[in-house]
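Enquirer:
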Amino acid sequence: MLKDSDLGDHSKVQFRCSKCGKNTVLEIRRKVDSTQVISPLPSFARGEGLHSNLLLQDDYEGLSLPQGGKFVLRVLSGPSKGKVFEVAKPRISIGRKGADFALDDPEVSRHHCLLEVKEMAINLKDLDSTNGTFFDEERVRAAFLVSGTEFRVGASLIRVSLEPR
4 MLKDSDLGDH SKVQFRCSKC GKNTVLEIRR KVDSTQVISP LPSFARGEGL HSNLLLQDDY
64 EGLSLPQGGK FVLRVLSGPS KGKVFEVAKP RISIGRKGAD FALDDPEVSR HHCLLEVKEM
124 AINLKDLDST NGTFFDEERV RAAFLVSGTE FRVGASLIRV SLEPR
């Protein structure tokens, strides 16, 4: 069985069957709107103190909230269960204290992760948190989210939804 991690960014993969010895070519088609996990963070996105600079910037170049809709974050489980937050700017931080979306969760770092909105998609970036950011129960450095996607920080499961204004 081939895993996505084995395929990388290749559009075609050729392999030899261990039983019959025949070569097989597999063409990979990915949906444009599918959620993609990037782990570990690509080299162009890494850097010392990366999260500090991103949190202080009000430069939203290339980022934009969706027209005619709004992204809403809902905490589905954890100490802040039931908390709802409307994303009002294209870059927000999630954490315990001093974050745009503050969670009362001792397993969440002060500045845990960052969400950057570009139209209908959200880029989730872990900010070198102690306990990590999880998507599909896999620790990730970054992931692209769409409406209905859930991710976990600490003990808090959060759903991202696009709703009409």
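Each number in this note's numbering comes from the position in the sequence shown (counting from 1) with 3 added on. Don't be surprised by glycine CBs; every beta carbon is placed ideally from N, CA and C. Bear in mind the structure is a predicted one, so any value in this text is a computation, not a measurement.
Could you tell me whether the Cβ atoms of residue 88 and residue 108 are closer together than 9 Å?
Expert: Position 85 of the sequence shown, counted from the start, is the residue given in the question as residue 88. Position 105 of the sequence shown, counted from the start, is the residue given in the question as residue 108. In this structure, residue 108 does not lie closer than 9 Å to residue 88 by Cβ.
Enquirer: Quick one: what does DSSP say residue 113 is sitting in, helix, strand or coil?
Expert: On the sequence shown, position 110 is the one that residue 113 refers to. Three-state result, residue 113: coil.
Enquirer: For the beta strand (DSSP E) containing residue 129, name the first residue and the last one.
Expert: Against the sequence shown, residue 129 aligns to sequence position 126. Counting along the chain, the beta strand (DSSP E) containing residue 129 begins and ends at 124-129.
Enquirer: Might you give, ordered along the chain, the residues of its own chain that have their beta carbon closer than 6 Å to the beta carbon of residue 166, omitting 5 neighbours on each side?
Expert: The residue given as residue 166 occupies position 163 in the sequence shown. The answer, listed in chain order, is 73, 75.
Enquirer: For residue 152, which beta-bridge partners are listed by DSSP?
Expert: By one-based count along the sequence shown, residue 152 stands at place 149. Paired residue(s): none; residue 152 is not in a bridge.
Enquirer: Relative to the C-alpha of residue 95, which candidate in 81, 66, 78, 123 has its C-alpha closest?
Expert: Looking up residue 95 in the sequence shown gives position 92. For residue 95, the nearest C-alpha among the options comes from 66.
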